[in-house]
Amino acid sequence: MKIMFAASEVAPFVKTGGLGDVMGALPAALAAAGHDVRVFCPLYQAIGAGWRKEMTDLCHLYVQLGWRNQYCGVFSLEKDGVTYYFIDNEYYFVRKQIYGEYDDGERFAFFSKAVLDVLPELGWKPDVIHTNDWQTALVPVYYNLMFAARQEYQGIKTVFTIHNIAFQGRFGRDVLEYVMGIDDAHYRSGFMVMDGDVNLMKAAILASGAVTTVSPSYAEEIQTPYYGCRLDPILRDNSYKLHGILNGIDMEAFDPATDPALCKPYTDLAGKQVNKEALLSLCGLTGDADTPVIGMVGRLTDQKGLDLVEAVLDDILADDVRLVVLGKGDWRYEQMFLDAKRRHPDKISVSLLFSAELANQIYAGSDLFLMPSKTEPCGLAQMIALRYGTIPIVRETGGLKDTITAFVDYLGTGNGFTFYSYNAHDMLHVIREACGVYRHNRPAWEALVKNGMESDFGWARSAEKYVEVYRSI
37 MKIMFAASEV APFVKTGGLG DVMGALPAAL AAAGHDVRVF CPLYQAIGAG WRKEMTDLCH
97 LYVQLGWRNQ YCGVFSLEKD GVTYYFIDNE YYFVRKQIYG EYDDGERFAF FSKAVLDVLP
157 ELGWKPDVIH TNDWQTALVP VYYNLMFAAR QEYQGIKTVF TIHNIAFQGR FGRDVLEYVM
217 GIDDAHYRSG FMVMDGDVNL MKAAILASGA VTTVSPSYAE EIQTPYYGCR LDPILRDNSY
277 KLHGILNGID MEAFDPATDP ALCKPYTDLA GKQVNKEALL SLCGLTGDAD TPVIGMVGRL
337 TDQKGLDLVE AVLDDILADD VRLVVLGKGD WRYEQMFLDA KRRHPDKISV SLLFSAELAN
397 QIYAGSDLFL MPSKTEPCGL AQMIALRYGT IPIVRETGGL KDTITAFVDY LGTGNGFTFY
457 SYNAHDMLHV IREACGVYRH NRPAWEALVK NGMESDFGWA RSAEKYVEVY RSI
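Positions 37 to 509 (my numbering) are the ones given, in order, by the sequence shown.
Below, the structure is given as structure tokens:
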């Protein structure tokens with residue numbers, strides 16, 4: 037099968053979050069299964085010179101976007117059996133940041149139109165075009181409105197994946213014709229409008245042959261008002277084409293036996309203990325073998341359940357634990373952790389930055405990993421934590437519910453600790469329960485760690501499920 041992906045970020049070339057990780061792993065898994073896979077990504081300034089030296093300059097053309105006629109260069113690179121195409125336009129993509137520009141709607145409309153315009157130049161026609169989140173939501177829309185009837189495009193099917201429904205690509209009505217080159221009739225008909233705004237995610241849901249999201253539970257949740265961010269009626273109406281497929285992780289990239297970021301790669305608890313001691317030393321903390329270390333890595337936002345942590349942070353730190361925090365986000369939560377550091381300098385370490393190396397050291401050196409998310413489409417951190425033998429504490433939502441099952445002592449089952457209600461004291465109770473098992477039930481703890489390190493969260497099974505979706509349309 038010939039499969040084309042379009043995404044606004046692709047690891048290892050450029051990545052800000054989980055979307056980049058998925059686009060770095062899923063295409064490679066599909067290629068390994070024998071499919072012809074091509075991936076399109078903007079050629080951002082952030083893509084380094086090392087990668088650019090490996091690229092081939094294929095062609096250039098001009099893309100009509102509304103009244104504009106914009107230059108588009110195409111560069112290619114092959115890696116792990118996948119062909120990557122990079123769409124070049126310095127006006128749109130030579131910026132200091134990937135997202136957050138005043139003209140993001142125009143930038144990604146250009147990218148979405150360009151990936152369709154260049155296909156005849158490449159001499160390659162995909163069976164399926166798979167797009168991701170609002171930045172490429174216009175691809176199935178443009179295909180249906182402007183390309184599907186052309187002979188060289190006929191018969192292509194489209195799939196749209198929702199990685200996070202909170203970000204929908206909402207813009208004022210005037211951008212539709214003036215910026216995106218789409219007739220205002222599609223606003224008046226309701227096709228591209230939601231709550232008075234142009235809504236690109238809604239349009240992609242309606243235009244695509246299939247819609248997927250990144251875990252089975254999230255697929256159910258986003259059809260409800262609490263999680264659906266106003267798109268739940270649209271998703272319920274289109275539930276026949278909605279599929280929840282759990283993300284995976286790169287099992288080779290996240291392997292404690294070979295990870296160069298660790299002070300000592302390991303395959304057992306003895307090696308993990310060495311990394312725990314190294315992490316505590318790196319963070320300026322002390323603790324003995326009976327002191328549980330709790331790690332937190334990720335964005336410091338409401339979505340991640342930080343308001344629950346805020347409510348009971350002093351209660352958590354009143355116990356004999358160490359808390360190691362890595363991430364950036366809302367000023368409120370950054371200050372919360374910094375203030376806690378001033379009150380409990382011997383119990384908490386706070387690093388307000390993004391560092392893949394330090395993240396892996398926290399995965400390896402922690403005993404527990406806290407993810408009390410309000411919503412979590414899939415989550416990769418809990419899977420990575422298990423890979424490193426670190427036991428997650430999670431709220432039962434989205435992908436966290438699908439990957440972490442509660443520890444039951446008398447049955448010897450489970451791979452983590454969970455709570456359901458969005459309640460700070462429920463979370464605190466489970467944290468204390470987990471710390472109690474760590475301190476007083478070593479056989480159960482060692483079994484949990486062993487089960488976690490042997491878990492298979494690779495992409496092979498998920499890739500097969502995507503192929504089933506492709507074939508179904």
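Positions of the beta carbon are idealized from the N, C-alpha and C atoms, including for glycine. No experiment lies behind these values; they were computed from the predicted model shown.
- Looking at Leu-94, Cys-299, Lys-115, the one whose alpha-carbon comes closest to that of Met-59 is Lys-115.
- The residues Gly-450, in chain order, have a CB closer than 6 Å to that of Val-444 in the same chain once the five nearest residues on each side in sequence are set aside.
- For Arg-431, DSSP records a beta bridge to Phe-455.
- The alpha carbon of Ser-402 has as its nearest neighbour, out of Leu-388, Pro-176, Pro-408, Leu-422, the alpha carbon of Leu-422.
- DSSP lists Val-360, Phe-405 as the beta-bridge partner residues of Gly-331.
- Taking 8 Å as the cut-off, the Cβ atoms of Ile-427 and Gly-452 count as close.
- The distance from the Cβ of Val-175 to that of Val-154 is about 12 Å, inconsistent with a contact at the 8 Å cut-off.
- With contacts defined by Cβ atoms closer than 8 Å, Cys-299 and Gln-204 do not form a contacting pair.
- Note on the stretch 224-295: whole beta strand (DSSP E) runs with a minimum of 3 residues are 233-235, 246-249, 278-280, in chain order.
- Counting the other Cβ atoms within 10 Å of the Cβ of Arg-378 gives fewer than 16, which makes it exposed.
- Nearest in C-alpha terms to Gln-133, of all of Glu-45, Ala-145, Ala-173, Ile-467, is Glu-45.
- Inclusion of Arg-358 and Lys-383 in the CB contact set at 8 Å is warranted, their separation being smaller than that value.
- Approximately 15 Å separates the beta-carbon atoms of Thr-411 and Thr-439; this is outside 8 Å, ruling out the contact.
- Burial of Thr-172 is indicated by the presence of at least 16 other C-beta atoms within 10 angstroms of its C-beta.
- In this chain, the beta strand (DSSP E) harbouring Asp-93 covers 92-101.
- Counting only residues of its own chain and dropping the five nearest sequence neighbours on each side, Ala-499 has a CB closer than 7 Å to the CB of Leu-62, Ala-65, Leu-66, Ala-69.
- Sequence-distant partners of Gly-488 (beyond 5 residues in either direction) whose C-beta falls short of 6 Å from its own C-beta, in its chain, are Leu-422, Gly-425, Asn-451.
- By the criterion of at least three beta-carbon pairs nearer than 8 Å, the stretch 217-228 is not in contact with the stretch 248-258.
- Runs of alpha helix (DSSP H) with 4 or more residues, each lying fully within the stretch 125-179, are found at 126-129, 140-153, 155-158, 174-178, listed in chain order.
- A contact is defined here as three or more CB-CB pairs under 8 Å, and the stretch 47-57 meets this definition with respect to the stretch 78-89.
- Residue environment: Asn-200 is assigned as buried (16 or more neighbouring CB atoms within 10 Å of its CB, all protein chains considered).
- A straight-line Cα-Cα distance of about 11 Å links Gly-117 and Val-75.
- When DSSP reads this structure, Gln-106 sits in a beta bridge with Val-99.
- Between the alpha carbons of His-279 and Met-237 lies a gap of roughly 16 Å.
- The Cβ atoms of Val-195 and Ala-246 sit closer than 8 Å to each other.
- A distance below 6 Å between beta-carbons, with the five flanking residues on each side excluded, links Val-177 to the following residues of its chain, in chain order: Ala-239, Ala-243.
- Exclusion of the five residues before and after Ala-293 leaves Pro-301, Tyr-302, Thr-303 as the residues of its chain whose Cβ lies within less than 8 Å of its Cβ.
- Here Ser-275 is exposed, its C-beta having fewer than 16 other C-beta atoms within 10 Å.
- Taking the Cβ atoms as the reference, Ile-467 lies roughly 6 Å from Ile-429, within the contact range of under 8 Å.
- Cβ contact annotation for Tyr-107 (same chain, cutoff 7 Å, sequence separation greater than five): His-96, Tyr-98, Asn-125, in chain order.
- In this structure, the CA atom of Val-505 is about 46 Å from the CA atom of Leu-316.
- Spanning the alpha carbons of Tyr-223 and Arg-206 requires a straight line of approximately 13 Å.
- Secondary structure note for Ala-499: its alpha helix (DSSP H) is the uninterrupted segment 496-508.
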